[in-house]
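What follows is a single structure, written as structure tokens, with notes after it.
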Amino acid sequence: MPGRGERLLARLRRPLLARLQIIRSSSAQPDTAALAAELQSAGAVRRSGLSEQGARMLVEGLGEVIQTTDVTVKSGSRALVTSVRGLEPHTDHHRADIVAWHCIRQSSRGGESLLVDSRDVLASFTESEKRVLETIHLREHRVFEGDPERHPLLRCERGRHRCYYSFWLVEEGLDAERRHLLERFHDRVRQVERRQFRLRPGELLLIDNGRMLHGRTPIGGDQQRLLRRFWIARRAAAAEPAA
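Each residue of the sequence shown is one higher than the one before, starting from 1 at the first, in this note's numbering.
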């Protein structure tokens, strides 16, 4: 049986172990404030080594998750997102301030992520040309109740331009000036530097959906790629501050 001294030592250890456990649990919590600041500055952030639960905890700390979708290949799918086809850079639904993808499985070939910063695209446009771009509207699929049928390509919010770019849903009937500027916008998306990389299982990619356009290369090989996509709406208190 343990002696009196050993029993006393055990009693002294228990509070210390409890404090260490609290510190360990606290440090394991995602630092969402730092992550949000990094995302605001860079437009895109990657984190690795995340479980499905860990990824969900992280994205929920950034705002309200308004939709979760498993992005995977479906045989014979006509929908772009679930096909094997590559996707040119675009933005998602305008209500998603942040889009995140958690890589659960990756294909043996292809399916690399593409990112284009709309600030690089807009750098070659004058302020008056940007004001014209704000008058160009694109159609939007109705996903949520009350969704508008159309949304502007560009809008100014808190001193920064926010982009909605679903290039295949451009409204018809644009005049010559708007058609010309839109073609220039298309061209610049193709011309500016794009980041291309392959997400690994356990890796999470987060982007500012009003700034970064995203796409992917065609999915080849075993086509086992599975990304869990989160659409996140920032809470009012966490909205992007003025530049």
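C-beta: ideal position from N, C-alpha, C; glycine also.
If you reduce the DSSP assignment to three classes, tell me which class residue i lands in.
i, result
"V132", "helix"
"V198", "Per the sequence shown, the amino acid found at residue 198 is Arg instead of Val. Here R198 sits in coil by DSSP."
"A233", "strand"
"R46", "strand"
"E145", "coil"
"S118", "helix"
"L58", "helix"
"Q67", "strand"
"H180", "helix"
"E193", "coil"
"D96", "The sequence shown places Ala at residue 96, rather than the Asp named in the question. DSSP places A96 in coil when its eight states are reduced to three."
"R216", "strand"
"R139", "strand"
"L174", "coil"
"S41", "helix"
"S27", "Any reading at S27 must be qualified, since the residue scores a pLDDT of 34, below 50, and its modelled position is unreliable; the value itself is stated next. The answer is helix: DSSP assigns S27 an H, G or I state."
"E112", "coil"
"R188", "helix"
"E157", "strand"
"L8", "Note that L8 scores a pLDDT of 49, beneath 50, so its modelled location is shaky; the value from the coordinates is reported in the next line. The answer is helix: DSSP assigns L8 an H, G or I state."
"T72", "strand"
"E203", "coil"
Just the C-alpha distance for residue i and residue j, rounded to the nearest angstrom, thanks.
i, j, result
"S27", "R85", "Residue placement at S27 cannot be trusted, given a pLDDT of 34 that sits under 50; the coordinates are not used to answer."
"G111", "T72", "10 Å"
"E203", "S124", "34 Å"
"G54", "V116", "27 Å"
"H151", "R198", "31 Å"
"Q40", "L62", "12 Å"
"W231", "G146", "17 Å"
"L154", "S77", "31 Å"
"T82", "R139", "21 Å"
"K244", "M57", "What is shown of the chain runs 1 to 243, which leaves residue 244 out entirely."
"H90", "Q196", "14 Å"
"L50", "W101", "12 Å"
"L133", "L181", "7 Å"
"R47", "L205", "7 Å"
"R24", "G43", "Confidence at R24 is low in this model, with a pLDDT of 30, below 50, so its placement is unreliable and the value that follows should be read with caution. Going by the C-alpha atoms only, they are around 30 Å apart."
"D249", "K74", "No statement about residue 249 is possible, as the shown extent of the chain runs from 1 to 243 and does not include it."
"L35", "C156", "24 Å"
"P201", "D31", "21 Å"
"L80", "E64", "26 Å"
"E149", "A176", "23 Å"
Do you know whose CA, among the options, lies nearest residue i's CA?
i, options, result
"S217", "S113, L154 and E134", "The question names Ser, but residue 217 in the sequence shown is Thr. Closest by alpha carbon: S113."
"F144", "D120, R95, S75 and A34", "R95"
"V59", "R188, A33, Q196 and H214", "A33"
"I219", "V45, L87, E38 and A42", "L87"
"G159", "E172, E127 and S75", "E127"
"R188", "S118, A79 and E64", "S118"
"Q191", "L122, E177 and A176", "L122"
How close, in whole Å, do the beta carbons of residue i and residue j come, if the pair is a contact with beta carbons under 8 Å?
i, j, result
"R234", "I98", "7 Å"
"R179", "T69", "Not quite, the Cβ-Cβ distance comes to about 33 Å (not below 8 Å), so this is no contact."
"E183", "D120", "At roughly 17 Å, the Cβ-Cβ gap does not stay under 8 Å, so E183 and D120 are not in contact."
"L174", "I136", "7 Å"
"R109", "G215", "That belief does not hold up - the Cβ atoms of R109 and G215 are roughly 17 Å apart, past 8 Å."
"E52", "V45", "The pair is not a contact, with the Cβ atoms about 18 Å apart (cut-off 8 Å)."
"H186", "F167", "6 Å"
Check: Given 8 Å as the limit, is there contact between the segment 150-170 and the segment 196-214, that is, 3 or more CB pairs closer than that?
Finding: yes
Note to self: Check whether the segment 216-228 and the segment 103-118 are in contact - that is, three or more C-beta pairs closer than 8 Å.
What the structure shows: yes
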